[in-house]
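A.B. asks:
Protein chains: 2
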Amino acid sequence: MVYQRTERGERRLADKRARILRAARDLVAEGGWPAAQVDNVAARAGVATGTVYRHWSSKADLCAEIVATVSAREVGIVRAVADAGEPPAERLAAAIRTFADRALRGRRLAYALIAEPVDPEVEATRLQYRAELAHCFERILREGIMRGVFPRLDPAVAAACIVGAFMEALIGPLAPARGTGPRADRHLVEQITRFCLRASTGGMEEGA
Amino acid sequence: MVYQRTERGERRLADKRARILRAARDLVAEGGWPAAQVDNVAARAGVATGTVYRHWSSKADLCAEIVATVSAREVGIVRAVADAGEPPAERLAAAIRTFADRALRGRRLAYALIAEPVDPEVEATRLQYRAELAHCFERILREGIMRGVFPRLDPAVAAACIVGAFMEALIGPLAPARGTGPRADRHLVEQITRFCLRASTGGMEEGA
DNA sequence: ATCAGGGCTGAACCGAGGTTCATTTCTTGA
DNA sequence: TCAAGAAATGAACCTCGGTTCAGCCCTGAT
Chain A
7 MVYQRTERGE
17 RRLADKRARI
27 LRAARDLVAE
37 GGWPAAQVDN
47 VAARAGVATG
57 TVYRHWSSKA
67 DLCAEIVATV
77 SAREVGIVRA
87 VADAGEPPAE
97 RLAAAIRTFA
107 DRALRGRRLA
117 YALIAEPVDP
127 EVEATRLQYR
137 AELAHCFERI
147 LREGIMRGVF
157 PRLDPAVAAA
167 CIVGAFMEAL
177 IGPLAPARGT
187 GPRADRHLVE
197 QITRFCLRAS
207 TGGMEEGA
Chain B
7 MVYQRTERGE
17 RRLADKRARI
27 LRAARDLVAE
37 GGWPAAQVDN
47 VAARAGVATG
57 TVYRHWSSKA
67 DLCAEIVATV
77 SAREVGIVRA
87 VADAGEPPAE
97 RLAAAIRTFA
107 DRALRGRRLA
117 YALIAEPVDP
127 EVEATRLQYR
137 AELAHCFERI
147 LREGIMRGVF
157 PRLDPAVAAA
167 CIVGAFMEAL
177 IGPLAPARGT
187 GPRADRHLVE
197 QITRFCLRAS
207 TGGMEEGA
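Residue numbers (the working numbering), protein chains in the order written: chain A, 7 to 214; chain B, 7 to 214.
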């Protein structure tokens, strides 16, 4: 045996992999999926086209990993907020605010990960993320209804409504005030939160 | 001059055009934009590929016309309901119900027209439709706020939220109860309407 | 220093799908 | 019925983007 991967070699491999992944993610963050052509990704990572295929078996694989990585982080953060111990209404507001703030920091990426269709292979991963996100809200709603602090409303439908509402208002193509600065963003998040909160509590907790 | 288009000839032309347009619309309604390949459209219309280009200068043109045609009809209907004379809360509910009922009758088409991205040339037409739809709701909200029957809330943001909410819950990929029959659909529409209404009225008109 | 063998390169390949155009078919006025 | 020209045809063409692979380069054990 004359060639053996040493630890140093291993790390070089991993670094290159990470660099490609980061390049791809950044491209998606800038121009959505259409911008993440393999040639582009390779160029941005400072690597030849073929090299990408040394680390992923197809473009779909690479994209799926982007979705999975970023999604896991975002859902984790939202879930942590959503599952904290406060009363349901406050948790709901906090979860929405958390997601909204983060989404606004990277509108294009958020849109790509939640809304923009991709080829079927990646779609599965995307939908899973979306469903998990909705599920965070559904749990809060269910609990609020059980405790009697929220009026009755099908939690699955309401959760979908919440996701749809802030998705559209925040990062959708008709999002009011696209990139008009932090002041407008703050207003936007506040309004969206109030909208969703009111829809869920039905005025039962107008103190918020 | 030896050939002149007669009225009969003119009508034949128009009929063929209409047949192609209908074929394309049906394909979109069945499988979204990806299904509307020019070859497919031609085949479905019983026409050769090249014939399509005798009536539209490009595929994008054809798609834009589909969007424009269907959209104009749908927005017209919603607007008629939204602008009727009843009190704002009822008009809002009626508008949402109207749109939702119609969208459910053709989920795939509705999704394609409102949410599914297309190439940039068609996008402009799509966004215009979307914006008009949102505007219907915005007008109701604005009036309700002015009359003091709705609590204050940025009408543009709230309108986007409403569109997003019912879009997601009705036809989005996480729509609960996809195609589970008319009973489930009725429930869905009812829940969505209640969600949006409550968000807008803030419990000020809990009689609805 | 040497060389075995894995990693990298990037030009070529390939399929998909929109568009073109030489040819054929059909319509109309004479 | 016939000629002129519009309309239809559909196979070939072109572009775009994902994928491949033969050859080069670099790593690391000797």
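Glycine residues also receive a C-beta, built at the ideal position from the N, C-alpha and C atoms.
Taking 8 Å as the CB-CB limit, is A130(A) close to chain B?
C.D. replies: Residue mapping note: residue 130(A) aligns to position 124 of the first sequence, counting from 1. So, not an interface residue.
A.B. asks: Between which residues of its own chain and T55(B) is the CB-CB distance below 7 Å, once the five residues before and five after are set aside?
C.D. replies: Against the second sequence, residue 55(B) aligns to sequence position 49. Same-chain partners within the cutoff: V44, D45, A48.
A.B. asks: Answer with buried or exposed for D160(B), where buried requires no fewer than 16 other C-beta atoms within 10 angstroms of its C-beta.
C.D. replies: Along the second sequence, read from residue 1 onward, the residue named residue 160(B) stands at position 154. Under this definition D160(B) is a buried residue.
A.B. asks: Rounded to whole angstroms, how far is the Cβ of A88(A) from the Cβ of C142(A), which I believe are closer than 8 Å?
C.D. replies: Taking the first sequence and counting its residues from 1, one reaches residue 88(A) at position 82. Taking the first sequence and counting its residues from 1, one reaches residue 142(A) at position 136. A88(A) to C142(A), Cβ: 4 Å. Contact.
A.B. asks: Here's the rule: buried if 16 or more other CB atoms are within 10 angstroms of the residue's CB, otherwise exposed. What is V152(B)?
C.D. replies: Here residue 152(B) refers to the residue found at position 146 of the second sequence. Just to set this straight, residue 152(B) is Met in the shown sequence, not Val. Answer is exposed; the Cβ neighbour count stays below 16.
A.B. asks: Can you say whether A20(A) is buried or exposed, counting buried as having 16 or more other CB atoms within 10 angstroms of its CB?
C.D. replies: In the first sequence, counting from the first residue as 1, residue 20(A) sits at position 14. That one is exposed.
A.B. asks: Looking at A190(A) and the ligand FAD, is the gap between the Cβ and the nearest heavy atom below 7 Å?
C.D. replies: The model depicted lacks the ligand FAD and carries no ligand whatsoever.
A.B. asks: Out of A205(A), L27(A), R148(A), state which residue places its alpha-carbon closest to the alpha-carbon of I72(A).
C.D. replies: Position 66 of the first sequence, counted from the start, is the residue given in the question as residue 72(A). With distances taken between Cα atoms, I72(A) lies closest to L27(A).
A.B. asks: Residues in its own chain within less than 7 Å of R77(A) by CB, not counting five upstream and five downstream?
C.D. replies: Here residue 77(A) corresponds to residue number 71 of the first sequence, with the count starting at 1. It should be pointed out that residue 77(A) corresponds to Ser in this sequence rather than to Arg. Result list for S77(A): L119, Y135, in chain order.
A.B. asks: For the 8 Å Cβ check, are there 3 or more pairs between the segment 189 to 196 of chain B and the segment 187 to 199 of chain A?
C.D. replies: no
A.B. asks: So what does DSSP say about Q197(A), is it helix, strand or coil?
C.D. replies: By one-based count along the first sequence, residue 197(A) stands at place 191. Of the three classes helix, strand and coil, the one that applies to Q197(A) here is helix, per DSSP.
A.B. asks: Taking Cβ positions only, does A122(A) come closer than 8 Å to chain B?
C.D. replies: Here residue 122(A) corresponds to residue number 116 of the first sequence, with the count starting at 1. The identity of residue 122(A) in the sequence shown is Glu, whereas the question assumes Ala. With its beta carbon less than 8 Å from one in chain B, E122(A) belongs to the interface.
A.B. asks: Given a cut-off of 8 Å, decide if G112(B) and A35(B) are closer than it, judged by their beta-carbon atoms.
C.D. replies: For the purposes of this step, residue 35(B) is taken as the residue at position 29 of the second sequence. For the purposes of this step, residue 112(B) is taken as the residue at position 106 of the second sequence. Going by C-beta atoms, A35(B) is nearer than 8 Å to G112(B).
A.B. asks: Can you give the beta carbon distance from R50(B) to L68(B), rounded, assuming they're within the 8 Å contact cut?
C.D. replies: Start at 1 with the first residue of the second sequence, and residue 50(B) comes out as number 44. Start at 1 with the first residue of the second sequence, and residue 68(B) comes out as number 62. With 8 Å as the limit, R50(B) and L68(B) do not qualify as a contact, their Cβ atoms being about 13 Å apart.
A.B. asks: What residues in the segment 143 to 173 of chain B bring their beta carbon closer than 9 Å to a beta carbon of chain A?
C.D. replies: P157, L159, D160, A162, V163, A164, A165, A166, C167, I168, V169, G170, A171, F172, M173
A.B. asks: Mind listing the chain B neighbours of Q43(A)? Cutoff is C-beta to C-beta under 7 Å, in chain order.
C.D. replies: In the first sequence, residue 43(A) corresponds to position 37, counting from 1. Those within 7 Å of Q43(A) in chain B number zero; the least Cβ separation is about 16 Å.
A.B. asks: So C202(B) contacts chain A; which residues on that side make the cut at Cβ distance below 8 Å?
C.D. replies: Numbered from its first residue, the second sequence carries residue 202(B) at position 196. Simply C167, A205.
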